[in-house]
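Residue numbers (the working numbering): -19 to 366.
Glycine included, each C-beta is placed from N, C-alpha and C at the ideal position.
Read through the structure below, which is laid out as structure tokens, and then see the notes.
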Amino acid sequence: MANFAFLSLGRLHLVQNGTVSEITSQFGDRIRERALEMERRNAWKTQGTGARFMGMWAARAPGESAGDMQISITALAPGGETGEVLYTLETTEICGLLHLKSIGAEENRLWHSNQTRIRELARHPTEPRIACSVWEPDGTANIGVMTAEGSRLREVTEGDSLDLAPRWVPGKGDVLVYQSAGLGRNRQGHPVTYGPFETHELSLSSGALDTVVSNARFDFLAPQRDLEGGLYFIRRPHRDPFRRPWWKSLLDFVLIPFRFLAAIFQFFNFFTMRYTGKPLADGGSAAKGADLKRMMIFGNLIEAERTMRAAPQEEAPDLVPKDWELVHRPASGGEQVIARGVLSYDLLSDGVVLYSNGSAVFKTAPGGSPERVLKHNFIERIIAWS
-19 MANFAFLSLG RLHLVQNGTV SEITSQFGDR IRERALEMER RNAWKTQGTG
31 ARFMGMWAAR APGESAGDMQ ISITALAPGG ETGEVLYTLE TTEICGLLHL
81 KSIGAEENRL WHSNQTRIRE LARHPTEPRI ACSVWEPDGT ANIGVMTAEG
131 SRLREVTEGD SLDLAPRWVP GKGDVLVYQS AGLGRNRQGH PVTYGPFETH
181 ELSLSSGALD TVVSNARFDF LAPQRDLEGG LYFIRRPHRD PFRRPWWKSL
231 LDFVLIPFRF LAAIFQFFNF FTMRYTGKPL ADGGSAAKGA DLKRMMIFGN
281 LIEAERTMRA APQEEAPDLV PKDWELVHRP ASGGEQVIAR GVLSYDLLSD
331 GVVLYSNGSA VFKTAPGGSP ERVLKHNFIE RIIAWS
């Protein structure tokens, strides 16, 4: 039975000998507890007569508290020893890198920052180094490398691009493979689109950079080298992520009167909150915490739910299109499509491939038949976990 870990709705799950364990971050709990304590100490400033006296209203949405804070685990990777796992945790204000030695052990915080965001981790298989993607405020992302203890983070790529999903190349101690796409900006300098993702290979010692796979019609995602020098990746047709279909523009035009009325309501709701401390209407518990970041997350989930509703007869439907293909290119040449409708994958040391379609996890060997090993809703990312 393969041991692996996966993320679902920002929560970490470890699968060991067929048993699924959800991991709760103590670091995340402490962040929420501190926010709740600050909220209690300052409640008189933001509620009721105190808020009217101070000329303030609650910074959060009506009825929302610090207990509704969105805390998500955004990346994970195997640790340096058997049974260890690394993961990043994010809130709107902070990002942290955590290390867990085993199920039930207390996690160790290696690194945190309220300015820098790191994601997509890769622990070196033999050396005490971690690779990651470093997200910048200007919309770019670079490949970063730090020590296994979380110190001396340095960026090893640069440019107006998205450099993501680094992986160490087996047998080549300082070589990384990753996906990269150039950014397109408008006259104001804001990112408005990105080009096709290519596969790049970078030697940290020499600085040599090679483009391994590139095609203007496709994105090549999450590249990994196997022990024999072959290359795995997810291939999907490249589509402009910011191009809006014509029917969405028409829908925006039709909804203008309703959005105008909603704006008027929000104006009077703000006025009422400021001078009475109470909203015009209580959105109820379902509306709590619906800030912009959560709405974006909810939007992604709605798309997944639509996919599942569109295929009610399927027990574990693909949450991405069939043209998201997991491809293997052996070092000897040629190409093989391992599976279709693949959202995430990882390689085991014995050559077995683990992959997920978002609703289940499967394992297979090149040329073999897939076997389902787990069913779970909204699987975002999987890693082989020894």
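Beta strand (DSSP E) runs wholly inside the stretch 178 to 215, at least 3 long, in chain order: Fully enclosed beta strand (DSSP E) runs of 3 or longer: 178 to 183, 189 to 193, 198 to 205.
Any beta strand (DSSP E) of 3 or more consecutive residues that is wholly inside the stretch 313 to 342: Under the rule that a run must span 3 or more residues, the beta strand (DSSP E) segments found entirely inside the stretch 313 to 342 read 316 to 320, 324 to 327, 333 to 336.
Short Cβ contact (8 angstroms threshold) for Ile83 with Ser1: The answer is yes: Cβ separation under 8 angstroms.
Given Val6 as reference, the closest of Gly(-2), Arg89, Phe358 once Cα atoms are compared: Here residue 6 is Gln; the residue named in the question, Val, does not match the sequence. Ranking Gly(-2), Arg89, Phe358 by Cα distance to Gln6 puts Arg89 first.
Own chain partners of Pro108 with C-beta closer than 8 angstroms, once the 5 adjacent residues on each side are dropped: The answer, listed in chain order, is Gly60, Thr127, Ala128, Glu129.
Check whether Ser366 and Asn(-17) have beta carbons under 8 angstroms apart: Contact flag set, yes.
Where Ala111 sits in the DSSP three-state scheme: Correct three-state label for Ala111: strand.
Whole-Å CB distance - Ser93 paired with Leu144, under 8 angstroms assumed: Wrong, their Cβ atoms sit about 19 angstroms apart, outside the cutoff.
From Pro105, Trp115, Lys81, residue whose alpha carbon lies closest to that of Thr54: Each of Pro105, Trp115, Lys81 was checked against the Cα of Thr54, and the nearest Cα belongs to Trp115.
Phe358, DSSP secondary structure in three states: When DSSP states are grouped into helix, strand and coil, Phe358 belongs to the coil group.
Where the alpha helix (DSSP H) containing Gln50 begins and where it ends: No alpha helix (DSSP H) holds Gln50; DSSP gives it neither H nor E.
Cβ neighbour criterion (16 or more within 10 Å) applied to Asp298: Its Cβ being crowded by 16 or more others within 10 Å, Asp298 is buried.
Contained beta strand (DSSP E) runs [length at least 3] in the stretch 95 to 164, N- to C-terminal order: Qualifying beta strand (DSSP E) stretches, in chain order: 97 to 103, 109 to 115, 121 to 127, 141 to 148.
Top-ranked residue by Cα proximity to Ala345, from Leu323, Gly314, Phe358, His308: Just measuring C-alpha positions, the residue of Leu323, Gly314, Phe358, His308 sitting nearest Ala345 is His308.
Spatial neighbours of Ala39 in its chain, beta-carbon cut-off 6 angstroms, leaving aside the 5 residues before and after: Below a pLDDT of 50, predicted positions are generally treated as unreliable, and Ala39, at 44, falls in that range; no measurement from the model is reported.
Straight-line gap, His(-7) to Val341 (C-alpha atoms, nearest Å): Rounded to whole angstroms, His(-7) to Val341 spans 13 angstroms at the Cα level.
Rounded separation between Phe278 and Ala296 - CA only: Only weak support exists for where Phe278 lies, its pLDDT of 37 falling under 50; the value from the coordinates is given anyway. A direct Cα-to-Cα measurement between Phe278 and Ala296 gives close to 21 angstroms.
Buried or exposed (CB count within 10 angstroms, at least 16 for buried), Thr137: A buried status is given to Thr137, since no fewer than 16 other beta-carbon atoms sit within 10 Å of its beta-carbon.
Where Ile282 sits in the DSSP three-state scheme: Caution is warranted here: a pLDDT of 39 is assigned to Ile282, below 50, making its placement in the model unreliable, and the coordinate value is therefore given only provisionally. The answer is helix: DSSP assigns Ile282 an H, G or I state.
Where Gln316 falls, given that 16 or more other Cβ within 10 Å makes a residue buried: Taking all protein chains shown into account, Gln316 has fewer than 16 neighbouring C-beta atoms within 10 Å of its C-beta and is therefore exposed.
8 angstroms Cβ cutoff met for Thr106 and Leu142: In this structure, the beta-carbon distance from Thr106 to Leu142 does not fall below 8 angstroms.
Reduced DSSP category for Gly76 - H, G, I as helix; E, B as strand; rest coil: If DSSP states are grouped into helix, strand and coil, Gly76 belongs with the strands.
Nearest to Met206 (by Cα), restricted to the options Ile363, His79, Arg320, Ala311: The sequence as given places Asp at residue 206; Met does not occur at that position. With distances taken between Cα atoms, Asp206 lies closest to Ala311.
C-alpha distance - Leu235 paired with Glu181, whole-angstrom precision: For Leu235 and Glu181, the distance between alpha carbons rounds to 47 angstroms.
Assigned exposure category for Glu401 - 16 Cβ within 10 Å defines buried: Because residue 401 is not part of the residues shown, which for the chain are -19 to 366, the question remains open.
Among Ile123, Leu230, Gly210, the one whose alpha carbon lies nearest that of Gly139: Checking every option, the nearest Cα to that of Gly139 belongs to Ile123.
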